[in-house]
Structure formats: C-alpha cells, structure tokens
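J.: Mapped onto this note's numbering, the consecutive letters of the sequence shown carry residue numbers 9 to 174.
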Amino acid sequence: MTTIKLDDRDIKILAILSREGRISKAELAGRVNLSPTPCWERLRRLEKAGIISGYQANIELRHLGPQVSVFVMAELENHRSSTFQAFEQAVAGYDEIISCWALGGGYDYLLHVITRDIDSYQRLIDSFLARRAGLARYFTYIVTKPVKHSATPPFDAILQTGQETD
C-alpha cells in the first residue's frame, strides 16, 4: 500500500463516493469541478494507493426478514500468540460474524454478529465454544434499534482539515 498526499479534491471525491458509491464517473467529475479524465486518474491513484479498497451496496436487512444484531465482548483464556491466532481463525469460519476488532484494554475482542434470531445466535456461540478457540468469557449485547450508522468517515477529524475547536 502506497501513502499519497491528499488534496481537497481527493477528500471531496472520497466523501462523495462513501455516500454515493454508484455515482457515475462523469457526475463525480462534475461535482468536484474536474473534467472526466483527470477525475478518473485521481480515482485510479486512490485505488492503487489502497485508499479506496472497494465498492459495495448498503443492504437494509429489515426488508429481507427477521434478524438480530448482537455485539459480543470477548475475553480470551490467555494472551499467548497461539491463542489469539486460534481465536481469529475460528472467527473467520463464521459468516454470521460480520466484523471483529482486536481491542486494547479490558476485553480482547469486539464482535458484531447478525443472525436470524436469538436461538440461532446461541447455536453459533455454542458451536464457537465447542471449537475450543481460546474463548474464556463473553458478554452479549443485543441491538434494540439502530441510532446512527455512517459509511462516511469523519475526514475533517482524521485529516485535521476542519477548524480546531476548544
């Protein structure tokens, strides 16, 4: 992955794409005040640098049928490298675990699980425990309603392009 310097137009391109991934290249070029060719060259540069890693659709699962979203805080039995590796390999084997983050602090991992219902979630946990992947304790938090979700990163905060506040 290559590190590149981003200017205001690059940031605007990224912000638009993070909200409107299906925008046409011509429309994108117009919105950032570039002709199509220079805009496409910027897109290729951002992709090549690994800043844009892919494009996807946001799916409203509630329209597909019943489902439950669960966050799981996980503590491992010990902090040996082999235990972390075994746990991460086990996580990779479950499609229902849609995200997993290694954490610093009290818990070792945060998992985001989506299943059809609580029973299917419990079967997943039982299966995971049966694999003996180093999980010592877990804490389940069921999502009761979504409050905020954004696919658009806070570019101003990350890149410090906005005004400083006290």
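Heads up, the beta-carbon is just placed ideally off N, CA and C, and yes, glycines get one too.
Could you spell out where the beta strand (DSSP E) holding Y146 opens and where it closes?
T.: Start and end: 143-150.
J.: Determine, using beta-carbon pairs with one atom in the stretch 109-128 and one in the stretch 69-84, whether at least three such pairs fall under 8 Å.
T.: Touching, yes.
J.: What are the start and end residues of each continuous alpha helix (DSSP H) run of 4 or more residues lying completely inside the stretch 19-85, in chain order?
T.: DSSP runs (the alpha helix (DSSP H)) wholly in the stretch 19-85: 33-39, 44-56.
J.: Terminal residues of the continuous beta strand (DSSP E) containing Y117?
T.: Segment 117-123, the beta strand (DSSP E) holding Y117.
J.: Do you know offhand how far S32's Cα is from A98's?
T.: About 39 Å.
J.: In three-state terms, what does DSSP make of I126?
T.: It is helical.
J.: Name the two residues that bound the continuous alpha helix (DSSP H) containing I166.
T.: Taken as a continuous stretch (DSSP letters only), the alpha helix (DSSP H) holding I166 covers 163-167.
J.: How should E172 be labelled, buried or exposed, when 16 other C-beta atoms within 10 angstroms of its C-beta is the threshold for buried?
T.: Here the model assigns E172 a pLDDT of 49, short of 50, so the residue's position is not dependable and the matter cannot be decided.
J.: According to DSSP, simplified to helix, strand and coil, what is I133?
T.: Looking at I133 - three-state DSSP - the assignment turns out to be helix.
J.: Run the CB neighbour count on I166, radius 10 Å, all protein chains shown included, and call it buried at 16 or more, exposed below.
T.: When all chains shown are included, I166 counts as exposed.
J.: Just the Cα atoms here: how many angstroms apart are G142 and D15?
T.: Their backbone Cα atoms lie some 45 Å apart in a straight line.
J.: Pick helix, strand or coil for S158, following the three-state DSSP scheme.
T.: If DSSP states are grouped into helix, strand and coil, S158 belongs with coil.
J.: If you check the beta carbons only, do A159 and S26 fall under 8 Å apart?
T.: Closer than 8 Å, so yes.
J.: Between W109 and the rest of its own chain, which residues show a CB-CB distance below 6 Å, the 5 nearest in sequence each way excluded?
T.: Excluding residues within five positions, the ones whose Cβ falls inside 6 Å are L118.
J.: How about I21 and L54: do their beta carbons lie closer than 8 Å?
T.: Yes.
J.: With T91 as the anchor, note down where its alpha helix (DSSP H) starts and where it stops.
T.: Counting along the chain, the alpha helix (DSSP H) containing T91 begins and ends at 89-100.
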